[in-house]
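Enquirer: Once you've had a glance at the structure underneath, I'll fire off some questions.
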Amino acid sequence: MLITAADPFIAWINFGIQPGNSQSVHVKITNSEAPAAGVPHDAFFAQRFPRTAAKVCRVLGPIAAIVLDGQAP
């Protein structure tokens, strides 16, 4: 869980590593935050769900831009 009792939504992050694959990590972010108004459906996660993205950035640190905005590593 990435939230406090004061947050109006639920958000959590899961990490998965496939057996025999030490090169990739599957990151799944789930939330109940409403999408930001006026943001296209195909926009990057950080633009559509800014409050969740802010909390995820604290957990992911330097790789947050890769996961949330699709930036190249």
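So the sequence shown is numbered by numbering that gives the first Met the number 0: it starts at 0 and just counts up by one.
Positions of the beta carbon are idealized from the N, C-alpha and C atoms, including for glycine.
As the structure is a computational prediction, the values presented were derived from the model and not from experiment.
Report the three-state DSSP secondary structure of Val24 (helix, strand or coil).
Expert: Note: Val24 maps to coil in three-state DSSP.
Enquirer: Three-state secondary structure (DSSP) at Gly15?
Expert: It is a strand residue.
Enquirer: Quick one: measure Cβ to Cβ for Ile28 and Val55, integer angstroms, because I've assumed they're closer than 8 angstroms.
Expert: Contact holds; Cβ gap of about 6 angstroms.
Enquirer: Distance check for Asn13 and Pro7, CA to CA, integer angstroms please.
Expert: Rounded to the nearest angstrom, the two C-alpha atoms are 20 angstroms apart.
Enquirer: How would you call Thr51, buried or exposed, if buried means at least 16 neighbouring beta carbons within 10 angstroms?
Expert: The residue in question, Thr51, is buried, as its Cβ has 16 or more Cβ neighbours within 10 Å.
Enquirer: Leaving out the 5 sequence neighbours to the left and right, which residues in its chain are closer than 7 angstroms to Glu32 when beta-carbon positions are compared?
Expert: Hits under 7 angstroms: Phe8, Ala10, Phe48, Arg50, Thr51.
Enquirer: State the Cα-Cα distance for the pair Val24 and Pro18, rounded to the nearest angstrom.
Expert: Using only the alpha carbons, I get a separation of about 11 angstroms.
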